[in-house]
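Please read the structure below before turning to the comments.
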Ligand SMILES: [Zn+2]
Ligand SMILES: [Zn+2]
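In the numbering used here, the protein residues as written are 6 to 326.
Structure, rendered in structure tokens:
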């Protein structure tokens, strides 16, 4: 299961209700801040997420509305908050700009307040844990080296408790080994193979995050059957020409991608101040009914086949007082 919390959902400039691009993807103890527009640190506080374990930042591309918040965040880490390490992942061009911002403007010769590592993103896996991976894939937008991110749980083989009972496998390390795919030697000397107690493979949850993007033709494959697709919808079709000019999507184009790729849920973000939310939603839903438009501080739990909006009160505030 992945959870995504939207911290900023406005395109280009903030509005009264919407901050600039930022969202946090959570999986167990892992947290990934995806993009860090200006004002993100205050949104982090306001969301109740806090800075704890927020030590991996993925950047979709180097436009200012997606990176300027890094300066304030690192400045705060220098004085107030402490984390052990910070890893920033971005394409080459974005990384160049981020380096100038961090080392040229914020640090200016000072030692970073934590172990700071910058990773150049290329197409392929960029992070792997026991049960999930994060992959980067190229997207077409203004400027080079723009990426989307696929968060994907590894396939799972469910543990069949009734089979384990029938084989007389006691609870404890034997079952744990079998679940992790290893053979187990029981106290009575019998050897049980994982295949004896594990069911057929089930695909894991897939959450696709695409930031600013101007073309969808090459994205259907990576979005195929995703449980949730998060993608920008900066324009309405009435201004499709502007969308083309600035390499952004219309709400309809985003919905057509969702339909074509057979995704289960579509979450739109990166809204322009020029439109009403309900018009963006209506245009997308006319093509793909299972669409929502994210607002700042919306949180969704994404499971296989499921994407459930959380109540704002369900998150314990870590940063109160
Ligand atoms: Zn943008
Ligand atoms: Zn952009």
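The C-beta atom is built at its ideal place from N, Cα and C for all residues, glycine as well.
Element boundaries [beta strand (DSSP E), containing residue i]
i           : result
residue 306 : 304-308
residue 61  : 61-63
residue 130 : 129-133
residue 30  : 27-32
residue 152 : 151-158
residue 214 : 211-215
residue 272 : 271-274
When the options are compared against residue i, the one with the closest alpha-carbon
i           : options            : result
residue 50  : 27, 150, 63        : 27
residue 237 : 31, 35, 40, 22     : 40
residue 270 : 135, 119, 314      : 314
residue 125 : 266, 117, 98       : 98
residue 137 : 212, 119, 66       : 212
residue 69  : 60, 45, 81         : 45
residue 250 : 219, 229, 231, 265 : 219
residue 47  : 63, 59, 74         : 74
residue 159 : 146, 207, 170, 191 : 207
residue 333 : 67, 37, 161        : Given that the chain is displayed from residue 6 to residue 326, the structure contains no residue 333 and the question cannot be resolved.
residue 12  : 303, 310, 316, 309 : 303
residue 118 : 141, 109, 88       : 88
residue 128 : 85, 109, 151       : 151
residue 195 : 179, 205, 261, 204 : 179
residue 29  : 18, 316, 62        : 62
residue 18  : 243, 239, 247, 246 : 239
residue 368 : 54, 164, 100       : The first residue shown for the chain is 6 and the last is 326, placing residue 368 beyond what the model contains.
residue 141 : 82, 261, 95        : 95
Helix, strand or coil at residue i [DSSP, three-state]
i           : result
residue 294 : coil
residue 228 : helix
residue 118 : coil
residue 143 : strand
residue 108 : helix
residue 9   : strand
residue 251 : coil
residue 311 : strand
residue 95  : strand
residue 76  : helix
residue 289 : helix
residue 234 : strand
residue 123 : strand
Limits of the unbroken alpha helix (DSSP H) element including residue i
i           : result
residue 242 : Residue 242 -> no alpha helix (DSSP H), and no H or E assigned at all.
residue 2   : Only positions 6 to 326 of the chain appear in this structure, which leaves residue 2 out of reach.
residue 69  : 69-72
residue 45  : 45-52
residue 42  : Careful: residue 42 lies outside any alpha helix (DSSP H) and carries neither H nor E.
residue 166 : 166-171
residue 256 : 256-266
residue 183 : 178-184
residue 200 : 199-202
Between the CA atoms of residue j and residue i - distance to the nearest angstrom
i           : j           : result
residue 90  : residue 275 : 29 Å
residue 56  : residue 6   : 21 Å
residue 253 : residue 43  : 20 Å
residue 209 : residue 31  : 15 Å
residue 78  : residue 166 : 47 Å
residue 139 : residue 155 : 6 Å
residue 223 : residue 80  : 38 Å
residue 186 : residue 107 : 44 Å
residue 25  : residue 299 : 13 Å
residue 23  : residue 282 : 11 Å
residue 148 : residue 104 : 17 Å
residue 233 : residue 307 : 7 Å
residue 264 : residue 198 : 41 Å
residue 312 : residue 305 : 6 Å
residue 93  : residue 296 : 30 Å
residue 66  : residue 193 : 58 Å
residue 34  : residue 133 : 13 Å
residue 241 : residue 169 : 55 Å
residue 280 : residue 310 : 30 Å
residue 59  : residue 173 : 44 Å
residue 272 : residue 202 : 38 Å
residue 245 : residue 293 : 18 Å
Exercise for review: Can you list the residues near ligand 2, meaning Cβ strictly closer than 5 Å to any non-hydrogen atom, in the order they appear in the chain?
Suggested key: 68, 217
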